[in-house]
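A quick write-up on the structure given underneath.
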Amino acid sequence: MPSERTTTKAHFYIIVQGGRMHPLYYFQHGLPTQNTSSLQWEGMDSANRRVKPIPGRGIDIARSPLEAASMLTAVPKDRVYLIFQLYEDSFAAFDILKPLVIRAGLDYTWEPRRQGEDMILGPGGQAPGPQ
Numbered sequence: 014m015p016s017e018r019t020t021t022k023a024h025f026y027i028i029v030q031g032g033r034m035h036p037l038y039y040f041q042h043g044l045p046t047q048n049t050s051s052l053q054w055e056g057m058d059s060a061n062r063r064v065k066p067i068p069g070r071g072i073d074i075a076r077s078p079l080e081a082a083s084m085l086t087a088v089p090k091d092r093v094y095l096i097f098q099l100y101e102d103s104f105a106a107f108d109i110l111k112p113l114v115i116r117a118g119l120d121y122t123w124e125p126r127r128q129g130e131d132m133i134l135g136p137g138g139q140a141p142g143p144q
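For the sequence shown, the working numbering begins at 14 and goes up steadily by one.
Written as structure tokens, this is what we have:
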């Protein structure tokens with residue numbers, strides 16, 4: 014079983030829900046751009062934000078693996094590792110996605126999420142290391 018290791022890379026979240034991937038940011042020319050096309054961002058207070066996938070949006074992993082691969086190859090692998098927030102309805106999609114991640118040369122880890130569980134971004138959290 015893979016074990017987590019320490020890294021100097023920054024982490025980058027991708028939500029996988031409903032068989033679709035929703036990166037929190039897209040990379041263009043090595044710079045991150047907030048994803049507002051498939052994610053809804055809600056301010057909760059001055060420090061915390063809730064992030065939710067917009068139903069029917071995002072990259073359909075089974076139907077558009079080339080689009081998923083293209084998004085992954087834009088991630089700067091020398092500076093970033095991926096943390097997949099994997100919802101319980103998307104394990105089959107994640108099985109399709111993992112080889113694309115490995116082919117792109119990216120380090121990654123994943124965290125399980127239950128349906129209805131929101132992703133909250135804010136201070137005090139600790140990201141898991143890559144596997």
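All C-beta atoms, glycine included, are put in the ideal place defined by N, C-alpha and C. From a predicted model like this one, the values you see are computed outputs, not experimental measurements.
Between Y94 and L119, what straight-line distance do the alpha-carbon atoms span, to the nearest angstrom? What you label residue 94 is simply residue 81 of the sequence shown in a count that begins at 1. What you label residue 119 is simply residue 106 of the sequence shown in a count that begins at 1. Y94 and L119: Cα-Cα distance of roughly 6 angstroms.
Give the straight-line distance between the Cα atoms of T122 and I96, rounded to the nearest whole angstrom. Stepping through the sequence shown from its first residue, residue 122 is reached at position 109. Stepping through the sequence shown from its first residue, residue 96 is reached at position 83. Roughly 5 angstroms between the two C-alpha positions.
Those residues which DSSP pairs with G56 across a bridge: The residue given as residue 56 occupies position 43 in the sequence shown. Answer by DSSP bridge pairing, in chain order: R62.
Among residues of its own chain, excluding the 5 on either side of P89, which ones have a beta-carbon nearer than 6 angstroms to its beta-carbon? Along the sequence shown, one-based indexing puts residue 89 at 76. For P89, where only same-chain residues beyond five positions count, the Cβ hits under 6 angstroms are G43.
With a 10 Å radius around its C-beta and 16 neighbouring C-beta atoms as the bar for buried, classify P68 as buried or exposed. By 1-based counting over the sequence shown, the position of residue 68 is 55. It is exposed - the Cβ of P68 has fewer than 16 other Cβ atoms within 10 Å.
Considering only residues of the same chain and omitting the five flanking positions on each side of P78, which have a CB-CB separation below 7 angstroms? Within the sequence shown, the letter at position 65 stands for residue 78. Here the set comprises I109 and L113.
Short Cβ contact (8 angstroms threshold) for R70 with S50: For this step, residue 70 is matched to residue 57 along the sequence shown. For this step, residue 50 is matched to residue 37 along the sequence shown. Against a cut-off of 8 angstroms, the Cβ pair of S50 and R70 comes out as a contact.
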